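The structure under discussion appears below in the form of structure tokens.
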Amino acid sequence: MLLDTLVRASADVAATRSRLTKRALLAEVLRAATAEEIALVATYLSGSLRQRRTGVGAAGLQHTPPPAERATLEIVDVDARFERLSAELGEGSAARRTTEVGALFAAATAQEQAFLRALIFGELRQGASASLVQDALATAYDVPLASVQRAAMLLGSTATAAALTAAGGLEALDAVALRLGVPVQPMLAASAPDPATAAAKAGLPAVVDVKIDGIRVQIHRWTDESGSDVVRLWTRSLDDITDRLPEIVEQVRSLPATAFVLDGEVVGLRPDGTPLPFQVIASRTASSTDPVTARERTPLTLVAFDVLHLAGRDLLDEPFEVRAQALADLVPPELAVARHRVETDQEATAVFTDAVAAGWEGVVVKKPSAPYAAGRRDSGWIKVKPRHTFDLAVIGAEWGYGRRQGWLSNLHLAARDPATGGLVMLGKTFKGLTDAVLTWQTAALQEREVRRTRTTVFVDPPLVAEIAFDGVQISTRYPGGIALRFARVLRYRDDKTPEEVDSLADILALSPVIDDAADPTTDA
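1 is the number of the first residue of the sequence shown in full-length UniProt numbering; add one for each residue after it.
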């Protein structure tokens, strides 16, 4: 299949707001793919590459060759080039990578070049994600969407589910089960503004866990064919970080069972038991960090909160209370989340107040009867934080003045528009930025620069930042129609892609809207 076929389909998908039309367009392309191509088609139409890292950054694409006049690139050849790029290491790799990128872009038309850039940076703005591709796959092969979703979740990949569907249809999909050594997509929590609302959604009695602001990990332990005891750790984005967290591997090996899957967080604790800030521990997952040195400087510990498999038994579909008991049987209290059973709103609020006072991020209220909804944001888990915080895209920044002269300071913030899938600006902020962060973000934003004016640098792809604010108000100043009140930066989220930023609907659902003419988001 020509890459041009996907480029045209993507453009058609982006041009319509109808989910049904988007699904039909994607289904048509999926039907036309061969068995060799369908996994790639599903991957590219989901807005990503098969290779998790290519080593190609914005700087490497600043001077691409002129586009080809005619579309000749086959998607399998494109994938082969990206595979070679991802394998480039060592002395001279930068030059070889530049040559490979140049050859690829020289063979691409202008439209294909734009499409390839979007795939490299994870910014294919077409209003279609992996979930819509799964929907289209079900339509293309006339199988239940639930079967496709479950297979993709258990395989950790929509592309693999697509190949399986094409090869074996519904029978192959329904045969998929959790496999030790293959990470599943993690369950995500819905949000509520306060513990009472969360308890009402979950139903009482409920379970309330302390919310951990750490590194989300999924842990698999099993015995391989050679008899070796294998432990693997994956992040929420399914990156393998086993080698970077040796003390966590040791803790896992101390557990009595030898075949299980755990879900949890990795945190750093002070001597008094309070948690270290996320920024302090985040560097532990960086590939450039020496694990031994990092462990000595910032030792970490596991905080497990769910078990998906234990001793040959899959627990995904079991009620949370069953999984909670299995976790208690497997993991000692010092390696497990602080957990409380509550009967009233007042008890839930008390747990929340105590958790925040102890330095934790908040709480997660859990429905005892809920299964593990892998790969989905589900009301079986409802998180509550002490302030409004959302992950937003940084789409540009204005140069500072006075003490901040020479730094990019006032950030342009955007949320996801659920109607189009694109980003829509809803405010600015310069608050919460240390000198170190200002220095870092000035360099990082200029690396992603696509254009600039006298005062502002605009970037693509955006960075993702966690933003706290006191509420929202009606505003005609920004395209989103609202403005953030007293927004400030808590941290950058390099573990999240622009596709994962919160939507306008998320913000409006949790934040009271104030009709006020004053605009509190302007830099001064």
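Virtual Cβ for every residue (Gly too), placed ideally from N, Cα, C. Predicted model only: the values in this text are computed from it and were never measured.
Within 10 Å of its beta-carbon, does residue i have 16 or more other beta-carbons around it, so buried, or fewer, so exposed?
| i | result |
| --- | --- |
| V101 | buried |
| S18 | exposed |
| I382 | buried |
| P66 | exposed |
| L408 | buried |
| Q441 | buried |
| Y401 | exposed |
| V450 | exposed |
| G312 | exposed |
| S228 | exposed |
| G181 | exposed |
| A348 | buried |
| S46 | buried |
| F115 | buried |
| A167 | exposed |
| T158 | buried |
| S147 | buried |
| T34 | exposed |
| T139 | buried |
| I248 | buried |
| V384 | buried |
Please report the residue range of the alpha helix (DSSP H) in which residue i lies.
| i | result |
| --- | --- |
| K22 | 19-32 |
| G169 | 158-174 |
| Y44 | 38-45 |
| K201 | 195-202 |
| E449 | Taken as a continuous stretch (DSSP letters only), E449 belongs to no alpha helix (DSSP H), being part of the beta strand (DSSP E) at 449-452. |
| M153 | 145-155 |
| G102 | 93-106 |
| L327 | 320-330 |
| R81 | 75-87 |
| L137 | 130-141 |
| A487 | A487 -> no alpha helix (DSSP H), and no H or E assigned at all. |
Go through its chain and collect everything with a Cβ distance to residue i's Cβ below 7 angstroms, but skip five positions before and after it.
| i | result |
| --- | --- |
| S237 | D495 |
| G55 | L85, S86, E88, R97 |
| V210 | V337, A338, A355, W360, V363 |
| V351 | V208, H340, V342, V363 |
| K366 | A202, A206, V207, D209, F320, G380, W381 |
Measure the beta-carbon distance from residue i to residue j and round it to whole angstroms, keeping in mind my assumption that it falls under 8 angstroms.
| i | j | result |
| --- | --- | --- |
| S48 | L2 | Going by Cβ atoms, the distance from S48 to L2 rounds to 19 angstroms, so no, they are not a contact pair. |
| E36 | V76 | 7 angstroms |
| V501 | V464 | 6 angstroms |
| E361 | D213 | 4 angstroms |
| D4 | A71 | 4 angstroms |
| P319 | S369 | 5 angstroms |
| A414 | L392 | 6 angstroms |
| G375 | Q185 | 3 angstroms |
| D240 | W234 | 6 angstroms |
| L145 | R23 | Contact flag wrong, Cβ pair sits at about 10 angstroms. |
Counting only the same chain and skipping the five closest in sequence on each side, list residues whose C-beta sits under 6 angstroms from that of residue i.
| i | result |
| --- | --- |
| D506 | none |
| T64 | F105 |
| A162 | I38, A39, A42, L137 |
| A196 | D345 |
| D317 | P371 |
| T289 | S283 |
| A294 | R284 |
| P462 | A393, V394, I395, P498 |
| R387 | A468 |
| L178 | L154, H309, D314 |
| D224 | V230 |
Report all residues from its chain with a CB closer than 8 angstroms to the CB of residue i; omit the five preceding and five following residues, and keep chain order.
| i | result |
| --- | --- |
| L164 | A151, L155, A172, L173, V176 |
| G60 | R97, T98, V101 |
| A509 | S191 |
| L269 | P275, L276, T301 |
Could you tell me the boundaries of the beta strand (DSSP E) in which residue i lies?
| i | result |
| --- | --- |
| Q473 | 471-474 |
| D354 | Careful: D354 lies outside any beta strand (DSSP E), inside the alpha helix (DSSP H) at 345-357. |
| L379 | Checking the sequence, you will find Ser at residue 379 rather than Leu. Segment 377-384, the beta strand (DSSP E) holding S379. |
| T223 | 215-223 |
| I120 | No beta strand (DSSP E) contains I120, which is instead part of the alpha helix (DSSP H) from 110-121. |
| G427 | 423-429 |
| S369 | Element bounds for S369: n/a, residue is neither H nor E. |
| V184 | Counting along the chain, V184 falls outside any beta strand (DSSP E), and DSSP gives it neither H nor E. |
| E265 | 260-267 |
| I395 | 388-399 |
| T298 | Note, T298: premise wrong, no beta strand (DSSP E); not H, not E. |
- Task: Say whether the stretch 337-354 touches the stretch 203-214, bearing in mind that this needs 3 or more beta-carbon pairs closer than 8 angstroms, one atom from each stretch.
- Result: yes
- Message: Can you confirm whether the stretch 480-495 touches the stretch 426-436 when touching is taken to mean that 3 or more C-beta pairs between the two stretches lie within less than 8 angstroms?
- Response: yes
- Message: Across the stretch 330-341 and the stretch 305-314, are there enough close Cβ pairs to call them in contact, namely three or more that are closer than 8 angstroms?
- Response: yes
- Does the stretch 396-413 touch the stretch 445-456, meaning 3 or more C-beta pairs lie closer than 8 angstroms? yes
- Would you check if the stretch 184-204 and the stretch 275-292 touch, i.e. whether three or more CB-CB distances between them fall below 8 angstroms? no
- Within the chosen definition, does the stretch 246-266 reach the stretch 208-222 through at least 3 CB pairs nearer than 8 angstroms? yes
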